[in-house]
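Below is one structure, written out as structure tokens, with a few remarks after it.
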Amino acid sequence: MDYQFKQIEKDWQKFWAANETFKAEVDESKPKYYVLDMFPYPSGAGLHVGHPLGYIASDIFARYKRLKGFNVLHPMGYDSFGLPAEQYAIQTGQHPAFTTKINIDGCFDDNGNIKTEYLDEKGVIIKGALNSEKQPIQGYTQQLKKLGFSFDWSKEVRTSSPEYYKWTQWIFMQLFNSWYNKETDKAEHISTLIAKLETIPATEINAVCDEDVLPLLPSDWSTMPAEEKQAELLKYRLTYLKESTVNWCAALGTVLANDEVKDGFSERGGHPVEQKKMMQWSMRITAYAERLLQGLNDIDWPEPLKEMQRNWIGKSVGAMVKFSLIPGPSPKEKGAQENLEDLNDGERAERRGYETANSFAWDLLKGHSKENRQNQTDAEIVLWNELRDSQVGFKIRRQHVIEGYIADFVCLPKRLVIEVDGGYHNTPETIEYDKQRTEFLNKAGFEVIRFTNEEAINSTKQVITTIKQKLQSISTTQVAPSPSEKAGDEAIEVFTTRVDTLYGVSFLVIAPEHELVASLTTPEQKADIDAYILATKKKSELDRMSDVKTVSGAFTGSYAINPLSGKKVPVWIADYVLAGYGTGAVMAVPSGDQRDYLFAQHFNLPIIQILDAQVCDKEADATKEGRYINSGIINGLGYKEATSKIIAALEDIGMGYAKINYRMRDAIFGRQRYWGEPVPVYFKNGLPYLLQEEELPLLLPEVDKYLPTESGEPPLGRAKDWKYQDEYEYELSTMPGWAGSSWYWYRYMDAQNDSAFADKDKIAYWKDVDLYIGGNEHATGHLLYSRFWNKFLKDLGYVVEEEPFKKLINQGMIQGRSNFVYRLTINDRFGNIRSSYFISHSLYRQYESGDYDLIAWMIKSEKDDIVKITPIHVDVNIVNNDILDIEAFRNFRPEYKDAVFIYENGTNSLSFGEGRGEAKYICGHEVEKMSKSKFNVVNPDDLVERYGADTLRMYEMFLGPLEQSKPWNTNGIEGVFKFLRKFWKLFHDDSFNFVVSDEAPTKAELKALHKIIKKVEEDIERFSFNTSVSSFMIAVNELTDLKCNKRAILQEMVILLSPYAPHISEELWKLLGNQEGTLSYTQFPAFNPAHLIENEFAYPVSVNGKTKMNLTLSLALEPADVEKEVLTNEQVLKYLDGKSPKKVIVVKGRIINLVI
RNA sequence: GCUGAAGUGGUGGAACUGGUAGACACGCAGGACUUAAAAUCCUGUUCCCGUUAAAGGAGUGCGGGUUCGAUUCCCGCCUUCAGUACCA
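Take the first sequence: its position 264, counted from the start at 1, is 263 in numbering that gives the first Met the number 0, and no numbers get skipped.
The following block contains the structure:
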């Protein structure tokens, strides 16, 4: 029999399903390998030819790994919550659960009849029709099964099934019950936070939390009413409810996360998005910013993808700088208004008044602090190692500024200063200083204990014990915060990455939304500012983004003081400063920053040069390498020293500190939509409370319509009698699309588990995903959120790996390749169409280039009559190799029925009849997005029908490198089909009788085999599937030429090919006599290099780098012998033209090059 | 603007560490088989010049450089695609 792919593929798909061939269970005797595909959203349109690309690649790899002896987990499921099903539900009234189920399972019942209703999980009958075209839907599962993937279907998951989303809700509850402890650098249960609040001041808790947490003392906490406690804890929880600015999409009626908004429009649907303040659920992903960034270094992902995540996280290292304000309530206003630069340090400190309590401390500070910082003594280092990370039970800080004075170590909650005396404390003067300092600190409410260097180094243990005792003896509740720790309100705080340019600041700019705008605006400026704010509000987010060039702003009338130079600078507002980033305020350095420069020019503000112009001219990167001028303490320094010196100086006077900022915001988690996971929360007195774990899953209630209520509540507000304990309101928003996909790879490990999201032992075995294949459109969404949830689950001890996806490959996008016919219309003088033609592609190109003559001649008309030629999309499925199937085209639309075609050779369908000789209609083509309206969608089912799944699989791989985007083009699939038939023929005689010989293979046959073994193995390991398809073709061509039908060769070939073309391989494996079943778990052929050893090589001989001829020589010859051989060769001498070469280069087994 | 990827025949692409550029396939041209078509098989196919055959020359986006030798490494530029953007 000839290659009967239809029967073969049907049989083997049945066999795999019946035998559960690919079911993967925990098996400690084998190494595990987890191959994962990004699971699809099951849309009504079904699979197109781009979907399976990644699945085929991962399936090849999974099958390969099985042959290599791995226990392979290779599952598939559906990301089945989401917007399209809901939009469709709004239009048609069909329940999204129904359409989703149909899209997955198809619309046929067991008897092959079309289903019109089904029972939902609560036993309610839901009626529904078919898809929008009234076409019967195959269903994703059927479509996937036809492609012969080795999925373990027993582990299928659907994010919208209650058994699944029960655990999504459960993870939400864990997040709600957790906070992020920066000291341990991980998430912890909220109870450890409560324990801290009970014992230490809230200001001493190092947590990632909202900015408006209260500075509670344990005494405050203990007396707090329970509800207030809950409200306060919400500010720490990893999922929290908070009034925040969100992306509101009115058309979709919901908020969106940042990654769901592209250029001011919603990613799904392309609707406009505006900023709006709303009470919203958020996920505190920012707590993990640093770990998400660092984790990228440990995973094997494509560099561009990592880079996108890095940009998204947007870490910038810089500093916070405080500019105090004038005029303001400060009593030291007078000092500020004269220029402080003219005063000496002591005077300046005194005039400031706002930081340093007395000038004596200021002097001390100037005297010693810098040495302290830069030259840490050994004793301090030894002690710090014992004191850090709360080893003594309390948080100890090192080199901390207290009242303008730097203490070696301090425990703030206990108000205890620990000092280690360095060498210069031994003179009488310094002892006197120390004494005064102690008195000074005591006055400020601090106790001081001192140790000598020797004590700290030689009897460290004893010193630590003393400190511990001291700490315990001080009762925390006695101490009150010192006045200077309460942040002064009379300052603007800015974030900058270029603190070295501080001396170049000539004004400050704050965002129009900044909270200080009102209080800063002077009466004279009020009109200006109000007008500007109004104008800003009118501008949409889009205008604001596109209109980057225009400079605009307004002066508040107020001034601030540069903390180092003492210069008085005006405060402006402008919309180029974003309220949402940093502090919403910037220090403007016109000489260093382009925007600041334009702003300064526009409003005639001063520009202070702070870099030596001569150096600037010379150095490539002047700002970083240049030498500073006009810059006080950093004059003459380079960038690095300047930065650290300025930060040190700012810290000394408490006006700034080094700070790391992240661009990434917390992720908005609520959606005002129906088709998503309900949030397992109810409200009591306006505060959210979790359901009990036993009450999960909280099922999605039925609603009459999938639209918001009249009062603007989300669709869940329509649910009748939907109350917690018949009393309390449930949360009405649902979870976003990414919730269910942020942990699904764990569910695959144990998909049916009802008592845990996955069994602990199974997680311990499968651990993480070894290979993840999917598109890079998920770079800043799914792939970031999944890493976040994974790290969280690890912190809580539920999973074992820090990163979920060890290796990731992005398959390229498959674009559409549209075909066009060109319709030429000729109008009569009344403007009506007189006649119309379809002209072939090359004629259209002439028309495009302005040459009408030939066309006019062909249609026997004047060229002036040609009104226009319109390209019209034609269904790519009736075009073969760009040749139009004219009969099919005529039947495509009634108006084409009598169309006249001008063929490529100029003949036409009227005068010469159709299809004769060279008369072909060639279509034009263009690469576009694959879409129905462009008639360029290629359905894999059609190709499977015509060529079989094995051919489709191989062809998709043959198309090009997996990671590269490319247009789909069915031209060429024949070549792969021919290859499989040729492969089949190797096993059969001319009358298709199965004939293999048991003779020993020849050397040439073994060489062909081992060449391909080596090649395929190397190619699969580096995911170069396209090249191994070529190699298969070469091998089969060679074996065909050798007329090889030796079992010893062919059996190995079958195994080699099986990951790519599993059906034909299984069938041939069976025909070869392996009756017991599948070849999926046999051994991958072993490569033996002995078969590839050559004793001769045809050396290319080149003269001056140009190849002239080949010379076959023994590989045993050493370069010197080769050279001798070459120089005596007659043919070579001909090319030398009588000259003797200057140089002869011989690379053994590679090349000979003669230089003359 | 910034970041990243990529530019090779008519087309998809190959060339792994600097060593015969264009493997493999499509398409095209010619031929065999056939009453004919399909299928199959054979031959040719980077371009230019030339042609019975040969023999030349150019050539991997452009311009330089390193090297005996560069698609591959370095410098400068151009183009395309993707992501991102008053991020201080």
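C-beta atoms are modelled at their ideal positions from N, C-alpha and C, and glycine is treated no differently.
I'd like the list of long-range same chain contacts for residue i, defined as Cβ closer than 7 Å, with 5 residues on each side in sequence excluded.
i, result
"N880", "N970"
"Q137", "G45, G105, D940"
"Y688", "V680, Y681"
"T1081", "L66, I1054"
Within the same chain, show all residues whose beta-carbon is closer than 6 Å to that of residue i, passing over the 5 residues directly before and after it, in chain order.
i, result
"F21", "S149, D151"
"V702", "P714, R717, A718"
"L143", "none"
Would you mind reading off the limits of the beta strand (DSSP E) that contains residue i?
i, result
"H188", "185 to 188"
"E418", "415 to 420"
"A587", "584 to 587"
"N826", "813 to 826"
"L507", "506 to 509"
"S315", "314 to 325"
"E1095", "1095 to 1102"
"P687", "686 to 689"
"S458", "Careful: S458 lies outside any beta strand (DSSP E) and carries neither H nor E."
Apart from the five residues on each side of it in sequence, which residues of its chain come closer than 8 Å, Cβ to Cβ, to residue i?
i, result
"K13", "none"
"A648", "L563, I632"
"K761", "V25, M748, D749"
"V926", "Q814, G815, R816, S817, P966"
"A999", "K1045, A1047"
"G317", "F494, T495, T496, R497, V498, A657, K658, I659, N660"
Buried or exposed for residue i, going by 16 or more other Cβ atoms inside 10 Å?
i, result
"L770", "buried"
"E354", "Residue confidence for E354 is low, a pLDDT of 32 falling below 50, so the modelled location carries little weight; the figure read from the coordinates is stated next. With 16 or more other Cβ atoms within 10 Å, it is buried."
"G92", "exposed"
"H601", "exposed"
"I1092", "exposed"
"G912", "The pLDDT assigned to G912 is 41, lower than 50, so where the model puts this residue is not dependable; a value taken from the coordinates is nonetheless given after this. Label assigned to G912: exposed."
"Y139", "buried"
"G780", "buried"
"A599", "buried"
Which residue wins for smallest C-alpha separation from residue i, given the options the options?
i, options, result
"N1103", "I1155, A1060, Y843", "I1155"
"L72", "F80, S79, R62", "R62"
"F934", "L82, M956, R816, K965", "R816"
"I55", "P1058, I1063, V1125", "P1058"
"S218", "L636, N205, A194, W742", "A194"
"I491", "I667, Y1098, M319", "M319"
"D725", "T708, E1017, K683, Y575", "K683"
"N826", "I509, Y797, I868", "I868"
"G503", "T465, K536, L604", "L604"
"V1121", "E1129, L1110, Q1130", "L1110"
The alpha helix (DSSP H) that contains residue i, what's its start and end?
i, result
"T98", "95 to 104"
"P224", "Premise fails: P224 is in no alpha helix (DSSP H) and is neither H nor E."
"R449", "No alpha helix (DSSP H) contains R449, which is instead part of the beta strand (DSSP E) from 446 to 451."
"G53", "51 to 66"
"E1065", "1061 to 1070"
"Y747", "Unbroken run through Y747: none, as it is neither H nor E."
"E438", "427 to 442"
"S1220", "The shown model of the chain, from 0 to 1155, leaves out residue 1220, and the question about it has no answer."
"V1131", "1129 to 1135"
Is the stretch 801 to 819 touching the stretch 953 to 962 in the sense that three or more CB pairs, one from each, lie closer than 8 Å? yes
Next on the checklist: I want to know whether the stretch 1145 to 1155 touches the stretch 1092 to 1112 - three or more CB-CB distances under 8 Å.
Outcome noted: Yes: at least three Cβ pairs fall under 8 Å.
message: Across the stretch 151 to 160 and the stretch 77 to 88, are there enough close Cβ pairs to call them in contact, namely three or more that are closer than 8 Å?
response: yes
Open item on the list: Under 8 Å: do the stretch 1059 to 1071 and the stretch 947 to 954 share three or more Cβ pairs, one atom per stretch?
Closed with: yes
Between the stretch 232 to 252 and the stretch 166 to 180, are three or more C-beta pairs nearer than 8 Å? yes
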